[in-house]
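In the numbering used here, each number is its position in the sequence shown, counted from 1, plus 19.
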Amino acid sequence: MCLLAILVVEDEVMIRMLVADTLRDEGYEVVEAANGDEATAVLLSGHQIDLVLTDVRMPGQVDGIQLAMHAKELDPSRPVIVTSGHLPPEAARRMDDFLRKPFSLSTMLGMVTKLIGPSCQTKTQQRTA
């Protein structure tokens with residue numbers, strides 16, 4: 020059983036499901052949140068989260084950059100990947116990595132593996148999000 024948990028924060032349901040399913044297929048535990056407010060609650064719940072993958076523009080009080088900074092404040096060693104189709108990569112420079120939308124799932128998996136290590140199993144994904 021794989022103990023690495025990833026918090027996927029994305030307001031677009033189809034993208035969130037695709038990313039979460041891909042990560043689950045690779046053996047990671049995935050916790051999903053539709054916005055920064057839900058994700059903040061997860062981070063404060065005590066649930067082990069080894070990596071945060073968050074979109075930037077989302078409804079609610081907390082955007083992805085604020086969430087990423089809060090995740091780092093709670094655990095500076097926790098990697099954060101920021102995704103956006105609008106934000107320039109340099110705006111996410113304080114985070115561990117940046118994915119410009121649309122991104123390939125294999126690129127995303129490569130980043131996740133680089134930051135927290137491989138999951139319990141590996142597969143090659145050819146889809147895009």
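Glycine included, each C-beta is placed from N, C-alpha and C at the ideal position.
- Bridge partners of Arg-119 according to DSSP: Ser-103.
- If you draw a straight line from the Cα of Leu-124 to the Cα of Thr-102, it is about 12 Å long.
- Residue pairing of Leu-70 in beta bridges, as defined by DSSP: Ile-25.
- If you look at Ala-60, you'll find it in the alpha helix (DSSP H) that goes 55 to 63.
- Spatial neighbours of Ala-90 in its own chain (CB-CB distance under 7 Å, excluding positions within 5 residues in sequence) are listed in chain order as Leu-62, Val-71, Arg-97 and Val-99.
- For Val-49, the enclosing beta strand (DSSP E) stretches over residues 48 to 52.
- Where Gly-83 is concerned, the enclosing alpha helix (DSSP H) starts and stops at 83 to 93.
- Per DSSP, Gly-79 is not a residue of any alpha helix (DSSP H), being assigned neither H nor E.
- Short of 8 Å from the beta carbon of Asp-115, and not among the five residues preceding or following it, lie these beta carbons of its own chain, in chain order: Pro-98, Val-99, Ile-100 and Leu-134.
- The C-beta of Glu-57 has 16 or more other C-beta atoms within 10 Å across all chains shown, which makes the residue buried.
- Rounded to whole angstroms, the gap between the alpha carbons of Val-28 and Ile-68 is 12 Å.
- When the five nearest sequence neighbours on each side are left out, the beta carbons in the same chain lying within less than 6 Å of the beta carbon of Leu-86 are those of Gly-55, Ala-58 and Thr-73, in order along the chain.
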